[in-house]
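All remarks here apply to the structure that follows.
In the numbering used here, the protein residues as written are 411 to 636.
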């Protein structure tokens with residue numbers, strides 16, 4: 411997203427978002443197949459979570475012009491710092507996996523998580539996968555590997571819903587989106603291979619590095635290069 415915002419300064423924000431969604435949709439789709447054949451997805455929870463995220467992502471995309479981008483940036487910046495700090499100091503977070511039976515309370519939590527992140531993903535987007543991973547680790551007791559696989563499934567729904575709005579509205583640059591999508595797919599294959607090979611401890615480290623990168627990038631945007 412930051413790269414597209416820099417490369418397409420003359421395009422409307424909705425067009426940049428739509429082009430980005432096309433690219434990440436392709437990368438996410440390419441990684442889901444590898445995950446679901448190796449990870450035991452809790453479908454009883456993830457299906458209603460994905461449906462909630464799908465609906466709220468579409469509503470979020472429709473609201474993109476009504477919510478000030480600057481407000482979202484400051485809110486996300488604060489949340490990323492909280493997530494990074496908590497994950498860093500909670501050394502055992504996401505290293506053990508809790509097997510859920512799909513109780514009503516867990517389904518309700520999934521629907522709430524999906525709706526919240528789905529709407530955010532439709533409106534703004536950056537860091538949505540990280541937010542989902544954190545919520546699944548903290549809220550369900552998943553390890554980072556299972557949380558990552560489940561987050562991909564939910565993100566697939568949010569990206570699809572957003573595209574159902576952006577494509578008919580003409581907010582996708584197909585040639586640029588296709589180029590970025592190919593790179594995203596290649597990166598996804600590498601990422602899934604490393605995640606499955608090295609497990610939750612490796613993903614925890616990458617997760618923290620990603621959070622630090624996002625915090626640094628957003629901090630520069632908000633407070634230095636205004």
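Positions of the beta carbon are idealized from the N, C-alpha and C atoms, including for glycine. All figures in this text were calculated on a predicted structure; none of them were measured in a lab.
Note down, in chain order, each residue of its chain lying with its Cβ closer than 8 angstroms to the Cβ of residue i, except the 5 sequence neighbours on either side.
i: residue 422; result: 581
i: residue 542; result: 523, 527, 557, 560, 561, 564 and 565
i: residue 472; result: 532 and 575
i: residue 498; result: 618
i: residue 441; result: 562, 598, 599, 601 and 602
i: residue 465; result: 525, 528 and 571
i: residue 648; result: No information on residue 648 is available, as it lies outside the stretch 411 to 636 that the chain covers here.
i: residue 625; result: 487, 490, 491 and 494
Would you mind sorting residue i into buried or exposed? The rule is 16 or more other CB atoms within 10 Å of its CB.
i: residue 578; result: exposed
i: residue 602; result: buried
i: residue 572; result: buried
i: residue 425; result: buried
i: residue 516; result: buried
i: residue 485; result: exposed
i: residue 604; result: exposed
i: residue 481; result: exposed
i: residue 634; result: exposed
i: residue 436; result: buried
i: residue 496; result: exposed
i: residue 467; result: buried
i: residue 630; result: exposed
Just to confirm my understanding: we take residue i, look at its own chain, exclude 5 residues before and 5 after, and list those with CB closer than 6 angstroms. What are they?
i: residue 474; result: 424 and 533
i: residue 546; result: 552, 557 and 560
i: residue 554; result: 504, 610, 613 and 614
Cutting at 7 angstroms between CB atoms, please list the residues of its own chain near residue i, excluding the five before and the five after it.
i: residue 445; result: 559, 562 and 602
i: residue 585; result: none
i: residue 569; result: 431, 434, 435 and 438
i: residue 451; result: 559, 560 and 563
i: residue 411; result: 430, 535 and 536
i: residue 448; result: 606
Query raised in the report: Within the chosen definition, does the stretch 455-468 reach the stretch 596-603 through at least 3 CB pairs nearer than 8 angstroms?
Result: no
Query raised in the report: So, do the stretch 431-438 and the stretch 581-591 have three or more beta carbon pairs nearer to each other than 8 angstroms?
Result: yes
Report task. Evaluate the contact criterion for the stretch 534-541 versus the stretch 498-509: three or more CB pairs, one atom per stretch, below 8 angstroms. Result -> With a cut-off of 8 angstroms, the stretch 498-509 and the stretch 534-541 do not count as touching, because too few Cβ pairs lie within range.
Requested in this report: Note down, one range per segment and in chain order, each alpha helix (DSSP H) of at least 4 residues found wholly within the stretch 552-587.
Outcome: 554-576
Query raised in the report: Contact between the stretch 613-623 and the stretch 460-470: three or more CB pairs below 8 angstroms?
Result: no
Query - Sequence ranges, alpha helix (DSSP H) only - wholly within the stretch 420-494, length at least 4 - result: 423-446 and 453-472
Requested in this report: Would you list, in sequence order, the uninterrupted alpha helix (DSSP H) runs of no fewer than 4 residues that lie entirely inside the stretch 494-550?
Outcome: 514-533 and 538-550
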